[in-house]
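Down below is the structure, laid out as structure tokens.
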Amino acid sequence: MQPKTKVRLGDSLVQNNIITEPQLMEALSAQRESGRKLGVVLVEKGFVSENDLLTFLSKHLNLPLINIPDYRVNPDHVKLLPEVQARRYRAIVLDDKGDTLLIGMTDPADINAVDALSSMLSKPLSLAVVAEAQLFEAYDTFYRRTEEIASFAQELAEEYESENEFDFTTGLEGEQDTAVARLLQSIFDDAVQAKASDIHIEPDEGLLRIRQRVDGVLQENIIKEKNIASALVLRLKLMSGLDISEKRLPQDGRTQIKVKGHIVDVRISTMPVQNGESVVMRLLDQSAGLLTLDQTGMPGPILRRVRTLLKRPHGMILVTGPTGSGKTTTLYGAMSELNTPDTKIITVEDPVEYRLQRVNQVQVNSKIDLTFSNVLRTTLRQDPDVIMVGEMRDAETVEIGLRGALTGHLVLSTLHTNDAISSAIRLIDMGAPGYLVASSLRAIIAQRLVRRICDNCKVDYTPNEEEMFWLGNIDASAKSATFKKGAGCQNCNQKGYRGRVGVFELLEMNETMMDALKISDTVAFSRAALANPSYAPLASVALSYAKMGFTTVDEVLRLVEMVADSEASKASDQKEIEAEIVEANKQAEDDGAI
Numbered sequence: 186m187q188p189k190t191k192v193r194l195g196d197s198l199v200q201n202n203i204i205t206e207p208q209l210m211e212a213l214s215a216q217r218e219s220g221r222k223l224g225v226v227l228v229e230k231g232f233v234s235e236n237d238l239l240t241f242l243s244k245h246l247n248l249p250l251i252n253i254p255d256y257r258v259n260p261d262h263v264k265l266l267p268e269v270q271a272r273r274y275r276a277i278v279l280d281d282k283g284d285t286l287l288i289g290m291t292d293p294a295d296i297n298a299v300d301a302l303s304s305m306l307s308k309p310l311s312l313a314v315v316a317e318a319q320l321f322e323a324y325d326t327f328y329r330r331t332e333e334i335a336s337f338a339q340e341l342a343e344e345y346e347s348e349n350e351f352d353f354t355t356g357l358e359g360e361q362d363t364a365v366a367r368l369l370q371s372i373f374d375d376a377v378q379a380k381a382s383d384i385h386i387e388p389d390e391g392l393l394r395i396r397q398r399v400d401g402v403l404q405e406n407i408i409k410e411k412n413i414a415s416a417l418v419l420r421l422k423l424m425s426g427l428d429i430s431e432k433r434l435p436q437d438g439r440t441q442i443k444v445k446g447h448i449v450d451v452r453i454s455t456m457p458v459q460n461g462e463s464v465v466m467r468l469l470d471q472s473a474g475l476l477t478l479d480q481t482g483m484p485g486p487i488l489r490r491v492r493t494l495l496k497r498p499h500g501m502i503l504v505t506g507p508t509g510s511g512k513t514t515t516l517y518g519a520m521s522e523l524n525t526p527d528t529k530i531i532t533v534e535d536p537v538e539y540r541l542q543r544v545n546q547v548q549v550n551s552k553i554d555l556t557f558s559n560v561l562r563t564t565l566r567q568d569p570d571v572i573m574v575g576e577m578r579d580a581e582t583v584e585i586g587l588r589g590a591l592t593g594h595l596v597l598s599t600l601h602t603n604d605a606i607s608s609a610i611r612l613i614d615m616g617a618p619g620y621l622v623a624s625s626l627r628a629i630i631a632q633r634l635v636r637r638i639c640d641n642c643k644v645d646y647t648p649n650e651e652e653m654f655w656l657g658n659i660d661a662s663a664k665s666a667t668f669k670k671g672a673g674c675q676n677c678n679q680k681g682y683r684g685r686v687g688v689f690e691l692l693e694m695n696e697t698m699m700d701a702l703k704i705s706d707t708v709a710f711s712r713a714a715l716a717n718p719s720y721a722p723l724a725s726v727a728l729s730y731a732k733m734g735f736t737t738v739d740e741v742l743r744l745v746e747m748v749a750d751s752e753a754s755k756a757s758d759q760k761e762i763e764a765e766i767v768e769a770n771k772q773a774e775d776d777g778a779i
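Be aware that the sequence shown starts at 186, since it is given in our numbering, and climbs by one per residue.
Now the structure itself:
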């Protein structure tokens, strides 16, 4: 159904007492300055809610109001309208009804947009009202660039074969129309659109794999033109200032790209593999801004205790977890709260991930002996209030950091361990004196990221007998709890998950734990930590998230297996070592050595 006459939205809203005349005049003035749609301006100014505006439009124009996530959209129908035109006219093809196409629009009263769409599409249009936020999410879901990437890859392969001496090193700025540049731009565009954290370019036998890590899980796209791999790697090396002649050793670099007006930092790591060079790129959207501690998903009780710890003038706070668990995000969130004019913060990082105003950030460079420990020594002479060390990598860095925390500085750092309890023990294993760890260490935050259930397709889930057994081992109350899972919809690309949420455990030192650390009694320390009434292990926190419907039983059990496997491995290694010692002593006795 298409409006026959131009409908003046503002006048209609005033006539129906949705907004007042002065509000309309103010919104029209703002619209003339910004050039944006009147409806957008009205919502931004708070004169009307988006839901009320859409409901009014639907009734006033006698058009259906469609909730896109609830509608079964066919991706093939969506692509009947090119992405450029869809974004230009704020429209999407929701369905092919046979004799008409159902088109969702944020402003179906825009006659010019409707006429343009009618001329592009082969069938008469049936209009519906949709929310702008849902529309943009649908664009990112359905207009993936898989076909475009494959097309550019084929074009590059043909150019590569047709040129005897194809030069991929020509200007980075002046040669943006080359096939390799277009292919890379398309790969970056697709990754940012899918909200990927990493891009993996992996040459294999007879093909090239391009994989993206979305919500912690890799998604694969295979390109048959394997011969273009070297061209991609070469171009990326040039962009990030790496040595293009070095193919035998790993290299690390950094560059920036622009995607849809956003500046994205790209950390690049190359590594020689059997079929060429593998490249992994970590994407950091600088324009998205840093997450605050509130936005990390840290539960209220833990968040309040962490903020209290950050107000202390000295001591060490460790954030632990495996790679990709969000440790850096938590540290930067803490620094954003500490970053005030009366506080001097110095960071020692490898690499510097986000640029922070007022913070003195040092990039480690081992080639010139600018190591963590060397920089940390100098940092202590720079009169800082807060020191952030990217990672406690060796015994020297650990000891300097602990002594800095002991002598009046608040030290924040990360450690690659599985939970909070093992982190303190790890410091002692790395050679730090127990008394120094006990005197300096104030708290340990351990964290993981688990996938969040898609809110649009959330349904009830009953764990099977085996799952319930494991959940009962974590907390007996799980047997009476209700759980959810995602059924899969177009909003989550049929995955059942959308986004991730942090799972945190916080261990604060008390006298009993410190006494155990002073004499390096790790067993007594573990017992004291587990007996601490304020300490909740990662598995218990994850289970509570599942009870609240944030995540699934599968994600809880996956987290539990990660920790359990690590502990089992350590226990197995210890038993093996003890067995070897017993065997060696027995052999020595048999030989008469003792």
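We put the CB at the ideal spot given by N, CA and C, even for glycine.
What ranges does the alpha helix (DSSP H) occupy inside the stretch 614-695, keeping only unbroken runs of at least 4 residues that lie completely in it? 619-625 and 650-659
Under 8 Å: do the stretch 677-690 and the stretch 626-642 share three or more Cβ pairs, one atom per stretch? yes
C-alpha distance - P648 paired with R685, whole-angstrom precision: 21 Å
State the Cα-Cα distance for the pair V399 and D383, rounded to the nearest angstrom. 8 Å
Complete runs of the beta strand (DSSP E) confined to the stretch 298-342 [at least 3 residues]: 310-314
Are L742 and L634 close, meaning C-beta to C-beta below 9 Å? no
Any contact between the stretch 368-375 and the stretch 435-454? By contact I mean 3 or more CB pairs, one from each, below 8 Å. Judged by pairs of C-beta atoms under 8 Å, the stretch 368-375 touches the stretch 435-454, as three or more such pairs exist.
Exposed unless 16 or more other CB atoms sit within 10 angstroms - verdict on A716: exposed
Take every Cβ of the stretch 619-629, pair it with every Cβ of the stretch 686-704, and state whether three or more of those distances are shorter than 8 Å. yes
Do K411 and D428 have their beta-carbon atoms positioned less than 9 Å apart in this structure? no
Quick one: give me the first and last residue of the alpha helix (DSSP H) that H594 is part of. Looking at the DSSP string, H594 is not in any alpha helix (DSSP H), and its letter there is neither H nor E.
So, K222 versus D292, is the Cβ gap smaller than 9 Å? yes
Which residue wins for smallest C-alpha separation from I413, given the options T556, A298 and L368? L368
Would DSSP call K432 helix, strand or coil? coil
Own chain residues within Cβ distance below 6 Å of L266, not counting five before or after: V278
For A271, is the classification buried or exposed, using 16 other Cβ atoms within 10 angstroms of its Cβ as the cut-off for buried? buried
Three-state class that DSSP yields for N202 in the structure shown: coil
Can you tell me whether DSSP reads Q480 as helix, strand or coil? Shown here, Q480 sits in a helix according to DSSP, grouped into three states.
Terminal residues of the continuous beta strand (DSSP E) containing Q183? Look at the range of the chain in this structure, 186 to 779, and you will see that residue 183 is not part of it.
Going by beta carbon distance, what residues of the same chain come within less than 6 Å of P309, once the five residues before and after it are set aside? T285
Run of the alpha helix (DSSP H) containing N545, from where it starts to where it stops: Per DSSP, N545 belongs to no alpha helix (DSSP H); it is in the beta strand (DSSP E), V544 to Q548.
Unbroken alpha helix (DSSP H) run spanning N236, endpoints: E235 to L246
Between L421 and T477, is the Cβ-Cβ spacing less than 9 Å? No.
DSSP puts S454 in a beta bridge; with which residues? D437 and V465
Beta-carbon proximity list for H499, same chain, < 7 Å, skipping 5 on both sides: A590, G593, H594 and L595
S598 and M466: beta carbons closer than 9 Å? No. Outside cutoff.
Does the count of Cβ pairs from the stretch 253-263 and the stretch 656-676 closer than 8 Å reach three? As far as the Cβ criterion goes, the stretch 253-263 touches the stretch 656-676, which means the pair count is three or higher.
Nearest-angstrom Cα separation, counted from R636 out to D570: 36 Å
Give me the DSSP bridge partner(s) of A276. M290.
Taking C-alpha atoms, which residue in R578, T505 and V228 lies nearest to I630? T505
Out of M698, F735 and G734, state which residue places its alpha-carbon closest to the alpha-carbon of P718. M698
What residue does the alpha helix (DSSP H) around E229 start on, and which one ends it? L223 to E229
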